[in-house]
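Sequential numbering from 1 applies to the sequence shown in the numbering used here.
Built from N, CA and C at the ideal position, the CB exists for glycine as well.
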Amino acid sequence: MEDLVVPDGVPEAATTVLRTAREPLRQSYYCYEFSTVAVMHSPIAVEIVLHDRIPGAARARCSSSSSRAPRGVS
């Protein structure tokens, strides 16, 4: 677990998410199911970093997803 360090320059929100994901991973030594929680939590940090690094990513995703809405759904 000591090797899992958060690099410098990562947004604070992503750092918090990664630290939160690290604890269930540590506890998965005693309870295997916690590893699933840690693995499913970590992509949130990746999304935060990508939104930070790609300007306008949130607006692009929202506008493209609304054009694919099924008929009758607004």
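Using only the alpha-carbon positions, how far apart do residue i and residue j sit?
| i | j | result |
| --- | --- | --- |
| residue 35 | residue 44 | 15 Å |
| residue 33 | residue 16 | 21 Å |
| residue 42 | residue 21 | 6 Å |
| residue 19 | residue 26 | 11 Å |
| residue 54 | residue 31 | 37 Å |
| residue 24 | residue 56 | 32 Å |
Starting from residue i and walking both ways along the alpha helix (DSSP H), at which residues does that stretch end?
| i | result |
| --- | --- |
| residue 4 | No alpha helix (DSSP H) holds residue 4; DSSP gives it neither H nor E. |
| residue 48 | 33 to 53 |
| residue 24 | 12 to 27 |
Who are the near neighbours of residue i in its chain, counting only those whose CB is closer than 7 Å to its CB and skipping five residues on each side?
| i | result |
| --- | --- |
| residue 4 | 22 |
| residue 11 | 48, 49 and 52 |
| residue 28 | 34, 35 and 38 |
Between which residues of its own chain and residue i is the CB-CB distance below 6 Å, once the five residues before and five after are set aside?
| i | result |
| --- | --- |
| residue 6 | 15 and 18 |
| residue 13 | 48 |
Can you give me the Cβ contacts of residue i inside the same chain, cut-off strictly under 8 Å, excluding the 5 residues immediately before and after it?
| i | result |
| --- | --- |
| residue 9 | none |
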